[in-house]
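Step one of this worksheet: look at the structure below.
Residue numbers (the UniProt record's numbering): 1 to 214.
Below you can see the structure in the form of structure tokens.
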């Protein structure tokens, strides 16, 4: 090393350095957000994120349009902000890395609560929630038990509205029926999202932890 000092800005005296080190590092990025939207391809997650935030993820009619997570910030009148992540679509066998499942599932780990987005226009939409919870639990124990809400999308389609009662009966809980395309009933989702966030903040404060701010 050279003996650099304030009064000697161009030293010519040095000592031999130590041998350098070489390492190969694998860095894994995990998206951080309050809420994570989980669903199968073409469930309408990206359209929903565009509808409730200023995020502009790509929306198309073919599966796997979203290949990387997108985070949008939902703004409320009381200046509260909630970060929502659009997780790329999962498929059956995602926990075994089918359809790049593990690359997508790792982003769910950092989400405080989940939004299971279901395509209400398909037959037996309740199986989507069951399959998604199964994949989450197989990937990481306890992941499927995080606070969540069921979002039944595409209620604007004629065949979808008739399936809503059976979906709620099969799951044993209320589903937020809405349309990301028309904006129908987005207010209910925003209220539920805020409730989930406030419950999370209360639990974190009770444990003496700082809440995540944006």
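All C-beta atoms, glycine included, are put in the ideal place defined by N, C-alpha and C.
- Contact annotation: residue 57 and residue 72 have beta-carbon atoms nearer than 9 Å.
- DSSP, read as helix, strand or coil, puts residue 42 in coil.
- Spanning the alpha carbons of residue 173 and residue 164 requires a straight line of approximately 11 Å.
- In the DSSP assignment, residue 102 falls within the unbroken alpha helix (DSSP H) covering 101-105.
- The residue from 108, 156, 171 with its alpha-carbon nearest to that of residue 142 is 108.
- When the Cα atoms are used, residue 139 and residue 93 turn out to be separated by approximately 10 Å.
- As far as DSSP is concerned, residue 7 takes part in no beta bridge.
- Residue 129 and residue 118 have their C-alpha atoms some 7 Å from each other.
- Boundaries cannot be given for residue 24, as no beta strand (DSSP E) includes it and DSSP labels it neither H nor E.
- In the structure shown, residue 168 adopts helical secondary structure according to DSSP, grouped into three states.
- Counting C-beta atoms within 10 angstroms of its own C-beta, residue 153 has 16 or more neighbours from the protein chains shown and is therefore classed as buried.
- Per DSSP, reduced to three states, the secondary structure at residue 203 is helical.
- Taking all protein chains in view, the Cβ of residue 50 is crowded by 16 or more other Cβ atoms within 10 Å, so the residue is classified as buried.
- In this structure, the beta-carbon distance from residue 35 to residue 115 falls below 9 Å.
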